[in-house]
Every structure is written in C-alpha cells, then in structure tokens.
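Undergrad: Quick one: the structure is below, and I'll ask about it shortly.
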Amino acid sequence: MGMVLIFYPFGDSGRLSYAAGHIFGSLSGVEFEVTGDRARFVSHVGVAIDYSPEGIGHGFRVVPSGLLEGRGYSVVNDLREGGWEGMYCIFFSGVGDIPFDIFSAVFYFLTSYEEYFSDDLDGHGRYDMFVSLAFRRGFLDIPLVDRWAVTFREELSRRFPLFEFRPREYRFVVTFDVDFPYRYRHRGFMRNVRSFAGNFLRGDYGGIRDHFGVLLGLSEDPYLEVLRRIETDVRRAGLRYLLFILLGGGDDVGHSGGCLGGDFLKFVSLLERDCVGLHPSYGSYGDLSCLVGEKSGLEAILDCGSIVRCRRHFLRYTCPGSFREAFSAGFTDDYTLAFAGSPGYRSGTSVPYRFYDVERDILTGLTIHPTVMMDTTLICHLGLGPDAAFDVISGLAGASRAVGGDFTCLWHNSNLAGRGNRWYEVFARSLRELQ
Numbered sequence: 002m003g004m005v006l007i008f009y010p011f012g013d014s015g016r017l018s019y020a021a022g023h024i025f026g027s028l029s030g031v032e033f034e035v036t037g038d039r040a041r042f043v044s045h046v047g048v049a050i051d052y053s054p055e056g057i058g059h060g061f062r063v064v065p066s067g068l069l070e071g072r073g074y075s076v077v078n079d080l081r082e083g084g085w086e087g088m089y090c091i092f093f094s095g096v097g098d099i100p101f102d103i104f105s106a107v108f109y110f111l112t113s114y115e116e117y118f119s120d121d122l123d124g125h126g127r128y129d130m131f132v133s134l135a136f137r138r139g140f141l142d143i144p145l146v147d148r149w150a151v152t153f154r155e156e157l158s159r160r161f162p163l164f165e166f167r168p169r170e171y172r173f174v175v176t177f178d179v180d181f182p183y184r185y186r187h188r189g190f191m192r193n194v195r196s197f198a199g200n201f202l203r204g205d206y207g208g209i210r211d212h213f214g215v216l217l218g219l220s221e222d223p224y225l226e227v228l229r230r231i232e233t234d235v236r237r238a239g240l241r242y243l244l245f246i247l248l249g250g251g252d253d254v255g256h257s258g259g260c261l262g263g264d265f266l267k268f269v270s271l272l273e274r275d276c277v278g279l280h281p282s283y284g285s286y287g288d289l290s291c292l293v294g295e296k297s298g299l300e301a302i303l304d305c306g307s308i309v310r311c312r313r314h315f316l317r318y319t320c321p322g323s324f325r326e327a328f329s330a331g332f333t334d335d336y337t338l339a340f341a342g343s344p345g346y347r348s349g350t351s352v353p354y355r356f357y358d359v360e361r362d363i364l365t366g367l368t369i370h371p372t373v374m375m376d377t378t379l380i381c382h383l384g385l386g387p388d389a390a391f392d393v394i395s396g397l398a399g400a401s402r403a404v405g406g407d408f409t410c411l412w413h414n415s416n417l418a419g420r421g422n423r424w425y426e427v428f429a430r431s432l433r434e435l436q
C-alpha cells in the first residue's frame, strides 16, 4: 500500500510524529515516516510531503511555522488565524499546497497548548470554557482537527491518486458516571428525612410511595433498577458500555465506599472487568495520594484487579497536571476531556489520542478519550428539553460519524431513573438511531 514520507530538515523532534500520527495513523490508517534525507525523499514513490521552510520543489508542500522545532512551551502571541476550505485554521501563511501549517495546528489542539500558559479558571478550578479558542471562535461543536485531516487526505489523494488511505470507522461509545448507586438505600437517616420532606412539600405522593417501598424491601431502588435496564438495552443494541464509579466523601455530594455493597456490588460483579472505571472524587483534584487511594479502594471493594480507566467528578481537571497525576496513579485511559458548560470537541478531535506533555516534551502512555456529550450539560447547563436535546445529540453524532471518529457520550443513572422518565427515552432513542 505504500507509506507517507515527510521531509523535515531538522530531524524528527517527536512533535511532528505526534501530529502526523493523528492525521495518518489514527484517522487514515497508513504508515508514515519523517526523514531529513533529501535524496531519499526525492526518490520516494508514494505520498511525499515537503515540510521544509524553503521548499525543495518536490512533493506536496506544507510550510512549517516553527512551533514543532522548539522544546517546552511559550506563549504564542500570534496564532495567525485564517481560513481553508471553509474551515477556521491557525498558523496560516497563505503559501504552500495548503495555506497553513496543519502539523503545528494539530499539535496545538491535541496538546491543549493554550491551557499551559493560561490562569483563567472557573469556580471549580477548571480551565474556563469561555476563554478557550474553540468557544470564542465558535467551532466547539465541530471536530475541527479531524475535518482538517480528512480534507488534507482528500487533497493528497488528488495529488497521489494511486495511493490508498484506509479511513477510520465511526464508533458509538456509551459511558456512565455513577455518582449515586442508590437513591434511597444506604443514604443515611437525615438524607432520607430530607427526601421525604421534599417529596411531601412538592406533593409528590408517588415519590413517597416509592421511597417507602424501597426502604421496606418491596421494590428495587430506582437508581439500581435503571442500571439493570440500561444493561439490557445496551446489550440488545450490540454495544458495550463503561461504568465510572464514585467512591465520594470529602467535598463530594456523593456517598461513602460502604454504599457500594449489597445489590449494586452484585450487579457490578457480573459486568466484564474492563467495563468498570473509577470516577475520582471532586476532592482528589490536585491530590495524587488521594487519587491513588481511591483507585486502590475501589479495586479492593470490587476485587477486580487493576482499574485503568478514569473520569474526574465534575470534569474537574487541568492540563497538564491532572493527566500527569492520572498516569502516575496507574491509569492508562482518561475520559475527562470535555467542557461541563457545552457539548462538543474540546481539543478539536473525536478520536482517542495519547497525552503529550508539552512542558516536558514527552509522549506518555495515557490515552485521552474526548467526551463529546454529557446529559447534565444539556439538562442543567443549557436547559434543553428532551426533543431539543436529542437534536443536539444527533448533530454531534453525525459530526463524529462524518470523520470516522468516536461519539463518546456520558450519561448518569440518576438522570434516567424513574417511571416515565423522558430522558431515558432520549437515551434509548440514541441507541436505536445513532450507532
């Protein structure tokens, strides 16, 4: 099938291979290599990309901006914004066979480069969505990096028509955060009293009846009941799902580890081991020892060996610190990357990629899985009804499908529980129509 050869006179810095790996390896299914050997490049049969400042008059030319030559990070004062094929782009030069440095642009977004030199944090200590480039320029709902890669691939196919790319296939990825395994059981005396009082003041006598039924052992707790229903519907759709479990405590509006016993523990014990991940607590933010303790605590409770997947509670993380902590704690896969305030593609991609630590200039073994949609974002932050929410979900899934990416969606059992819950119908419809 051949190979893509990239000429780069400065030698492969690692940064170029990282960006090219996303474009060619992850999204296009082809091998590539970076070389500084001019003679070899000129004689190469196949896709040849000239990534040199002066240009050597051979191959498809992309003009470098200089970002990939350096080490560490520094403030980029001028992103040189422009447009290409109707898409926003950065590191624009207006010269070459494409008018911007696609490799530097991909590196900038995948590494969350803008977060390294920003002190703009929200009330939870997270990078502020409203100052992000994706939000300010209005492309948060577009997998921009992936669209660049697909269009770049099309340009190369026209120049090198005998070369065959193998585009990635779309995947529908269902994940759940279990903040509360139970609504009524194991919640403590005072919480049950407050729940009774709340139902009474709202006139929710059906809720009072359900509450008594659960506590008297006459019916199953609705949060666990909906997890069983989810399990059945997901399996029927031919899919798997991931369950991220919160131990809670500290600053979390959660539960203690003791609440993971009983019927919930029996339910989890029947799942495949690699379906279960940790939902690190709000209080574990910036505290490696706490993170390690929660990981080992959940492993002990579930007796399931090493847990390697995580997603932070409240999506509370910063780059690079939180990713360094996750990798140091022994996680291999992190699903936290998303904004709580809006759905979309925070790093411009829908495809999993490895965490590159820009400050240390190392490629780590932690894989980042972008989360595209969270139910709480649609329900609470945007205030959408079920029908409008499904339209948003469908549009995002279509955007991921168009580039061969993953549509990774996040749901909560607590949002879907209860008789006649219309949000469960949104979830079920997504299983039927969007995979």
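Numbering (my numbering), first residue to last: 2 to 436.
Every residue, glycine too, gets a C-beta built ideally from N, C-alpha and C.
Suppose you measure from the CA of Gly443 to the CA of Asp51; what does that come to, to the nearest Å?
TA: Residue 443 lies beyond the residue range present for the chain, which begins at 2 and ends at 436; the question has no answer from this structure.
Undergrad: Taking C-beta to C-beta, are Leu17 and Phe104 nearer than 7 Å?
TA: For the purposes of this step, residue 17 is taken as the residue at position 16 of the sequence shown. For the purposes of this step, residue 104 is taken as the residue at position 103 of the sequence shown. For Leu17 and Phe104, yes; Cβs fall inside 7 Å.
Undergrad: Counting pairs of beta carbons, one from the region 337-355 and one from the region 146-153, are three or more of them closer than 8 Å?
TA: The region 337-355, when compared against the region 146-153, does touch it at the 8 Å Cβ threshold.
Undergrad: Please determine if the region 364-377 and the region 133-141 are in contact, where contact requires at least 3 C-beta pairs separated by less than 8 Å.
TA: Judged by Cβ distances under 8 Å, the region 364-377 makes no contact with the region 133-141, as fewer than three pairs qualify.
Undergrad: How is the alpha helix (DSSP H) around Phe428 delimited, first residue to last?
TA: The residue you call residue 428 lines up with position 427 of the sequence shown. Its alpha helix (DSSP H) spans residues Arg423 to Glu434.
Undergrad: Thinking C-alpha only, which one of Phe101, His125 and Arg160 is nearest Val444?
TA: Absent from the structure is residue 444, since the part of the chain shown begins at 2 and ends at 436.
Undergrad: With which residues is Met374 paired in a DSSP beta bridge?
TA: Position 373 of the sequence shown, counted from the first residue, corresponds to residue 374. Beta-bridge pairing links Met374 to Cys410.
Undergrad: Would you list the one or two residues that DSSP bridges to Glu4?
TA: Against the sequence shown, residue 4 aligns to sequence position 3. In the sequence on display, residue 4 carries Met and not Glu. DSSP lists no partner for Met4.
Undergrad: Is Cys291 helix, strand or coil by DSSP?
TA: Sequence index remark: in the sequence shown, residue 291 carries index 290 (1-based). In the structure shown, Cys291 sits in a helix (DSSP, three-state: H, G or I).
Undergrad: Using CA coordinates, which residue listed in Ile231, Phe265 and Phe173 is at the minimum distance from Ile246?
TA: Residue 246 sits at position 245 when you count from the first residue of the sequence shown. Per the Cα distances, Phe265.
Undergrad: Given Glu34, which residues of its chain have a CB within under 8 Å of its CB, disregarding the five upstream and five downstream residues?
TA: Looking up residue 34 in the sequence shown gives position 33. For Glu34, where only same-chain residues beyond five positions count, the Cβ hits under 8 Å are Met4, Val5, Leu6 and Ile7.
Undergrad: Should Glu116 be labelled buried (16 or more other beta-carbon atoms within 10 Å of its own) or exposed?
TA: Here residue 116 refers to the residue found at position 115 when the sequence shown is read from its first residue. By the 10 Å Cβ count, Glu116 comes out buried.
Undergrad: Quick check: the Cα distance between Glu226 and Ala418, rounded to an integer number of angstroms?
TA: In the sequence shown, counting from the first residue as 1, residue 226 sits at position 225. In the sequence shown, counting from the first residue as 1, residue 418 sits at position 417. Their Cα atoms are separated by approximately 8 Å.
Undergrad: Could you give the distance in angstroms between the alpha-carbon of Ala341 and the alpha-carbon of Ser282?
TA: In the sequence shown, the residue the question calls residue 341 occupies position 340. In the sequence shown, the residue the question calls residue 282 occupies position 281. Each residue's alpha carbon lies about 16 Å from the other.
Undergrad: Where in the region 41-77 do unbroken runs of the beta strand (DSSP E), each at least 3 residues long, occur, reported from the N-terminal end onward?
TA: 49-51, all fully within the region 41-77.
Undergrad: Where in the region 132-176 do unbroken runs of the alpha helix (DSSP H), each at least 4 residues long, occur, reported from the N-terminal end onward?
TA: 134-137 and 145-160, all fully within the region 132-176.
Undergrad: Under the DSSP definition of a beta bridge, which residues are partnered with Glu34?
TA: Along the sequence shown, read from residue 1 onward, the residue named residue 34 stands at position 33. Partner(s): Leu6.
Undergrad: Answer with buried or exposed for Phe108, where buried requires no fewer than 16 other C-beta atoms within 10 angstroms of its C-beta.
TA: Taking the sequence shown and counting its residues from 1, one reaches residue 108 at position 107. The residue is buried, with at least 16 neighbouring Cβ atoms inside 10 Å.
Undergrad: Taking 7 Å as the CB-CB cut-off, is Val359 touching chain B?
TA: Among the chains of the structure shown, chain B does not appear; only one protein chain is present.
Undergrad: Relative to the alpha-carbon of Phe166, which residue among Val174, Gly58, Thr233 and Leu157 has its alpha-carbon at the smallest distance?
TA: Taking the first residue of the sequence shown as position 1, residue 166 is located at position 165. Ranking the options by Cα distance to Phe166, first place goes to Leu157.
Undergrad: Write down the C-beta distance between Asp334 and Thr368 rounded to the nearest angstrom, noting that I regard them as a contact closer than 8 Å.
TA: Against the sequence shown, residue 334 aligns to sequence position 333. Against the sequence shown, residue 368 aligns to sequence position 367. About 5 Å separates the two Cβ atoms, so the contact holds.
Undergrad: For Asp362, collect the residues of the same chain with a Cβ closer than 6 Å to its Cβ; drop the 5 residues on either side in sequence, then sort them by chain order.
TA: Here the question's residue 362 lines up with position 361 in the sequence shown. These residues qualify, in order along the chain: Arg72.
Undergrad: Between which two residues does the beta strand (DSSP E) holding Val277 run?
TA: For this step, residue 277 is matched to residue 276 along the sequence shown. From DSSP, the beta strand (DSSP E) with Val277 extends over Val277 to Leu279.
Undergrad: How about Asp222 and Tyr185: do their beta carbons lie closer than 7 Å?
TA: In the sequence shown, the residue the question calls residue 222 occupies position 221. In the sequence shown, the residue the question calls residue 185 occupies position 184. In contact: Asp222 and Tyr185 (Cβ atoms closer than 7 Å).
Undergrad: Compare the Cα-Cα distances from Gly22 to each of Phe177, Leu248 and Leu111 and report the closest residue.
TA: Here residue 22 refers to the residue found at position 21 when the sequence shown is read from its first residue. The candidate whose alpha carbon is nearest that of Gly22 is Leu111.
Undergrad: Is it right to say Lys296 is buried, meaning 16 or more other beta carbons lie within 10 angstroms of its own, or is it exposed?
TA: On the sequence shown, position 295 is the one that residue 296 refers to. By the neighbour-count rule (16 or more Cβ atoms within 10 Å), Lys296 is buried.
Undergrad: Could you check if Ala40 is buried or exposed, using at least 16 other CB atoms within 10 Å of its CB as the buried criterion?
TA: For the purposes of this step, residue 40 is identified with residue 39 of the sequence shown, where counting begins at 1. With fewer than 16 Cβ atoms within 10 Å of its Cβ, Ala40 is classed as exposed.
Undergrad: For Leu316, is the classification buried or exposed, using 16 other Cβ atoms within 10 angstroms of its Cβ as the cut-off for buried?
TA: For the purposes of this step, residue 316 is identified with residue 315 of the sequence shown, where counting begins at 1. Buried.
Undergrad: For Phe324, does the three-state DSSP call read helix, strand or coil?
TA: In the sequence shown, counting from the first residue as 1, residue 324 sits at position 323. Residue state, collapsed to three classes: helix.
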